[in-house]
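Structure, as structure tokens:
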DNA sequence: CCGTACTGGTTGCAGAGTACAACTCACGCC
DNA sequence: GGCGTGAGTTGTACTCTGCAACCAGTACGG
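Protein chains in written order, with UniProt numbering: chain A, 1 to 145; chain B, 1 to 145.
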């Protein structure tokens with residue numbers, strides 16, 4: 001396989017994955033959309049981050065994030081607190097309920113993903129995970145695929 | 001890194017990727033949405049496949065595929081021909097225009113993906129591509145992530 | 001101090017993608 | 001012929017999304 005072919009394959013397979021992701025999200029956890037799940041997951045790792053950070057990280061419009069966060073807050077899954085140092089900024093935090101839901105969903109997702117990765121060797125798993133992290137960590141301008 | 005951690009990372013990173021994919025598709029080729037691009041790409045490899053095949057492959061509702069295909073046909077990118085053996089079935093084919101557009105978009109996507117993969121060794125590229133193929137090829141019931 | 005530029009966030013609006021359900025048409029089997 | 005099944009379409013409703021306009025708070029230059 002040539003490098004160019006590999007690039008093309010990566011591009012294609014990533015796209016296939018992306019196309020399926022939403023559907024599986026709906027099946028796996030109807031109570032939490034793919035977006036909501038992703039945002040909650042991000043908050044778990046970056047507690048107290050700002051809405052703008054989310055928008056930048058996921059290449060979303062700030063209005064979209066605003067609405068999603070508002071929905072999550074209505075559902076009682078996140079809390080918004082004003083930054084005492086800058087009154088424009090809202091610091092986002094997972095609520096206890098949000099943490100609980102996120103945990104449940106993560107378990108079911110891990111089960112589904114784990115099922116399909118069951119046959120993989122541990123070495124392959126770790127390398128695959130490393131590749132994905134490396135791919136997504138790329139800081140450049142075209143962040144999606 | 002443990003296997004469970006690797007699974008979790010894979011799940012998370014794939015989700016991050018999925019979240020960004022649509023946005024980047026819009027930036028990279030506004031004239032062809034992620035869906036359209038994916039469907040066209042599938043047709044390129046499986047010329048003459050049926051709408052139902054697309055629905056199954058991408059975990060989409062058949063009505064969604066029907067509308068997407070209709071749009072692609074209106075745009076002159078695909079052609080629908082009746083299967084002479086079964087008048088229920090429509091066989092889908094790329095038109096010349098569809099092939100051309102797909103080629104252009106593939107080039108621009110490959111450039112973007114290639115840019116972010118530029119620093120990767122050829123061995124890593126091939127292994128990454130292989131992992132993605134392997135992941136997506138899993139035939140089981142929960143196909144997304 | 002005041003005005004201007006900038007940043008974080010919200011709201012109005014419009015469009016794409018999607019699912020579900022109900023329907024039509026064609027096939028296959030009894 | 002009649003019934004169940006599969007492919008595809010259409011009606012409907014909902015979510016996600018971006019863009020543009022806007023408000024509120026901050027930072028900087030006079």
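Glycine included, each C-beta is placed from N, C-alpha and C at the ideal position.
Taking residue 92 of chain B as part of the beta strand (DSSP E), name the residues at either end of that continuous run.
As a first step, residue 92 of chain B must be located in the second chain, where it is residue number 92. Its beta strand (DSSP E) spans residues 86-94.
Classify residue 61 of chain A as helix, strand or coil using the three-state DSSP reduction.
Start at 1 with the first residue of the first chain, and residue 61 of chain A comes out as number 61. Coil.
Could you have a look at residue 126 of chain B and say whether DSSP puts it in helix, strand or coil?
Sequence index remark: in the second chain, residue 126 of chain B carries index 126 (1-based). Residue 126 of chain B falls in the helix class under three-state DSSP.
Cβ closer than 8 Å: which chain A residues qualify as neighbours of residue 99 of chain B?
Counting from 1 along the second chain, the entry for residue 99 of chain B is found at position 99. Against residue 99 of chain B, chain A offers no close residue; the least beta-carbon distance is about 16 Å (beta-carbon pairs closer than 8 Å).
With a threshold of 8 Å between beta carbons, is residue 34 of chain A in contact with chain B?
Here the question's residue 34 of chain A lines up with position 34 in the first chain. Cβ-Cβ to chain B under 8 Å: yes for residue 34 of chain A.
State whether the stretch 2-17 of chain B contacts the stretch 101-119 of chain A, with contact taken as three or more CB pairs (one from each stretch) at a distance under 8 Å.
yes
Below-8 Å beta-carbon distance, residue 113 of chain B vs any chain A residue:
Counting from 1 along the second chain, the entry for residue 113 of chain B is found at position 113. So yes, residue 113 of chain B belongs to the interface.
Can you look up residue 83 of chain B in the DSSP assignment and give me helix, strand or coil?
In the second chain, residue 83 of chain B corresponds to position 83, counting from 1. Correct three-state label for residue 83 of chain B: strand.
For residue 110 of chain B and residue 27 of chain B, the rounded distance between their alpha carbons:
In the second chain, residue 27 of chain B corresponds to position 27, counting from 1. In the second chain, residue 110 of chain B corresponds to position 110, counting from 1. Roughly 14 Å between the two C-alpha positions.
Within its chain, find whatever has a CB closer than 8 Å to the CB of residue 126 of chain B; leave out the 5 residues flanking it on each side and keep chain order.
For the purposes of this step, residue 126 of chain B is taken as residue 126 along the second chain, with counting starting at 1. Nothing meets the Cβ criterion.
Quick one: what's residue 49 of chain B bridged to in DSSP?
For the purposes of this step, residue 49 of chain B is identified with residue 49 of the second chain, where counting begins at 1. According to DSSP, residue 49 of chain B bridges with B/92.
Quick one: which chain B residues come within Cβ less than 9 Å of residue 82 of chain A?
The sequence position of residue 82 of chain A within the first chain is 82, counting from 1. Residues of chain B whose Cβ lies closer than 9 Å to the Cβ of residue 82 of chain A do not exist, since the nearest Cβ in that chain is about 27 Å away.
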